[in-house]
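In terms of the UniProt record's numbering, the sequence shown opens at residue 1 and continues consecutively.
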Amino acid sequence: MDYQLGPTSNHFVSQRLRLNYVDWGNAEAPPLILQHGGRDHCRSWDWVAEELRRDWHVICPDLRGHGDSEWSPEGHYSMDAMVYDFAQLVHTLGHEKVTIVAHSLGGNVATRFTGLFPEKVEKLVNIEGLGPPKHIRQQMEERGVGLRMRQWIDDKRKAAGRSPRKYATRRDAYERMKEENSFLTDDQARHLTIHGTNRNEDGTWSWKFDNYVNVWSVADIPTGDVIDLWQAITCPILMLWGKNSFAQSPSTDGRIEHFPSARLIEYEDAGHWLHHDQFDRFMADVKAFLASG
1 MDYQLGPTSN
11 HFVSQRLRLN
21 YVDWGNAEAP
31 PLILQHGGRD
41 HCRSWDWVAE
51 ELRRDWHVIC
61 PDLRGHGDSE
71 WSPEGHYSMD
81 AMVYDFAQLV
91 HTLGHEKVTI
101 VAHSLGGNVA
111 TRFTGLFPEK
121 VEKLVNIEGL
131 GPPKHIRQQM
141 EERGVGLRMR
151 QWIDDKRKAA
161 GRSPRKYATR
171 RDAYERMKEE
181 NSFLTDDQAR
191 HLTIHGTNRN
201 EDGTWSWKFD
211 NYVNVWSVAD
221 IPTGDVIDLW
231 QAITCPILML
241 WGKNSFAQSP
251 STDGRIEHFP
261 SARLIEYEDA
271 GHWLHHDQFD
281 RFMADVKAFL
291 ASG
């Protein structure tokens, strides 16, 4: 029987935070980083990692404030902090080049890292990870820094007074997971819930992520600078979008034009977590891309 153990949990330090990643072994193979998105965790990649671990050294990090990584004491979850964390992971691992598959918030982080350090990235798969469409970012910037900072302060205060949601049983958390993404199978939702919850002292269950991750920083770089980072990318890029997702496709607002080396595939019957929703097709597309010259 071809039986392999699951991943081992490891930690690295970034900006004084102890951040978690899991390592699927096969250290002699080329490094592949799988980066999850917001309010998610590294074990959401388990199905993907199982498919790729024989050919790759698969590393799956937890973003700060997510999974088994530490929470930022001051609730600091800006893009610059998370890009630094990602850069610190690559530096800690010590690889000359890495290949990256990243989703949503993680895709935004990984894409900026790739623009900052194009020499460090062999290939990039971006799953709905470009952040808000350009017109939304521009509308936010047009509000002026004063209004945006006042809103940020108000949102931070609200987060400070909000207790983590508690579920009487893990089954209740599972039902919430199914409600959030109707495309998930029962087994997928169960796995994501088991690895995405902690038990509280009173016996209830709560999601592992910090409530502060929902407060977007006011200090992000201007849209023009983000585009400059995108245009600095030199490696091949595969972009994947679900046609049933809330995330706007870059084909509809011109963002794809800033990625001359990118190919975009849009998935029918898939939402924001298309790597769960259309797993077989996703794996076929990713494997073909990773194997291409």
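Yeah, the Cβ is synthetic: ideal placement off N, Cα and C, and Gly gets one too.
Which of helix, strand or coil DSSP assigns to residue i
{"i": "N211", "result": "helix"}
{"i": "D62", "result": "coil"}
{"i": "T8", "result": "strand"}
{"i": "P31", "result": "strand"}
{"i": "K178", "result": "helix"}
{"i": "M1", "result": "Residue confidence is low: M1 scores 42 on pLDDT, short of 50, so the model does not pin down where it sits. Its coordinate-derived value is still stated next. Coil, per DSSP."}
{"i": "H36", "result": "coil"}
{"i": "I233", "result": "coil"}
{"i": "Y84", "result": "helix"}
{"i": "T223", "result": "helix"}
{"i": "D23", "result": "strand"}
{"i": "R54", "result": "coil"}
{"i": "S163", "result": "coil"}
{"i": "R190", "result": "helix"}
{"i": "G107", "result": "helix"}
{"i": "A291", "result": "helix"}
{"i": "K134", "result": "helix"}
{"i": "G242", "result": "strand"}
Among the options, nearest to residue i - alpha-carbon criterion
{"i": "V83", "options": "W56, A284, Q35 and A247", "result": "Q35"}
{"i": "S261", "options": "E142, L147, E122 and S14", "result": "E122"}
{"i": "T99", "options": "I237, R16, N244 and M283", "result": "I237"}
{"i": "W207", "options": "K166, D277 and G293", "result": "K166"}
{"i": "Q231", "options": "I256, A102 and N200", "result": "I256"}
{"i": "R150", "options": "N200, D172, V215 and L93", "result": "V215"}
{"i": "L274", "options": "V226, F183, Q248 and L192", "result": "F183"}
{"i": "W24", "options": "C60, R39 and L17", "result": "C60"}
{"i": "F259", "options": "D280, S249 and I227", "result": "I227"}
{"i": "R171", "options": "Q138, D186, F282 and G94", "result": "D186"}
{"i": "D202", "options": "G293, A168 and V101", "result": "A168"}
{"i": "G277", "options": "L17, I33 and W47", "result": "According to the sequence displayed, residue 277 carries Asp and not Gly. Ranking L17, I33 and W47 by Cα distance to D277 puts W47 first."}
{"i": "H103", "options": "L124, T92 and N198", "result": "L124"}
{"i": "D225", "options": "V90, R112 and G242", "result": "R112"}
{"i": "residue 294", "options": "V22, S249, M177 and Q248", "result": "Past the boundaries of the shown model lies residue 294; the chain is included only from 1 to 293, so the question cannot be answered."}
{"i": "G242", "options": "L192, E175, F282 and T204", "result": "F282"}
Residue i to residue j span [Cα, whole Å]
{"i": "V218", "j": "Q4", "result": "45 Å"}
{"i": "I127", "j": "S163", "result": "31 Å"}
{"i": "P118", "j": "T223", "result": "19 Å"}
{"i": "M1", "j": "A284", "result": "Confidence is the limiting factor: at M1 the pLDDT is only 42, short of 50, which leaves the residue's position unreliable and the question unanswerable from this model."}
{"i": "A110", "j": "T234", "result": "14 Å"}
{"i": "Q88", "j": "L19", "result": "10 Å"}
{"i": "E142", "j": "I136", "result": "10 Å"}
{"i": "residue 315", "j": "G144", "result": "Any property of residue 315 remains undetermined from this structure, which presents the chain solely from 1 to 293."}
{"i": "K158", "j": "E268", "result": "38 Å"}
{"i": "P133", "j": "F12", "result": "33 Å"}
{"i": "W71", "j": "V286", "result": "32 Å"}
{"i": "L271", "j": "T114", "result": "The residue you asked about is not Leu; residue 271 is Gly in the sequence shown. Distance between the alpha carbons of G271 and T114: 25 Å."}
{"i": "P7", "j": "W45", "result": "11 Å"}
{"i": "K120", "j": "I153", "result": "36 Å"}
{"i": "S245", "j": "N181", "result": "10 Å"}
{"i": "L52", "j": "V58", "result": "7 Å"}
{"i": "P31", "j": "A288", "result": "17 Å"}
{"i": "D95", "j": "N26", "result": "First, the residue type needs correcting, since residue 95 is His and not Asp in the sequence shown. Using only the alpha carbons, I get a separation of about 14 Å."}
{"i": "Q139", "j": "R54", "result": "46 Å"}
{"i": "H195", "j": "S69", "result": "13 Å"}
Beta-carbon proximity check, residue i vs residue j, cutoff 8 Å
{"i": "L105", "j": "G37", "result": "yes"}
{"i": "L240", "j": "S251", "result": "no"}
{"i": "W56", "j": "A29", "result": "yes"}
{"i": "V213", "j": "G65", "result": "yes"}
{"i": "residue 313", "j": "C42", "result": "In the structure as shown, the chain starts at 1 and stops at 293, and residue 313 therefore has no counterpart that could be examined."}
{"i": "S14", "j": "D85", "result": "yes"}
{"i": "L229", "j": "L63", "result": "no"}
{"i": "D210", "j": "M79", "result": "no"}
{"i": "E266", "j": "S249", "result": "yes"}
C-beta neighbour in chain C for residue i, strict 8 Å
{"i": "H195", "result": "Absent from the structure is chain C; it holds one protein chain and no more."}
Beta bridge counterpart(s) of residue i as assigned by DSSP
{"i": "A262", "result": "I237"}
{"i": "H126", "result": "One point to set straight first is that residue 126 is Asn, not His, in the sequence displayed. N126 pairs with A102 and M239."}
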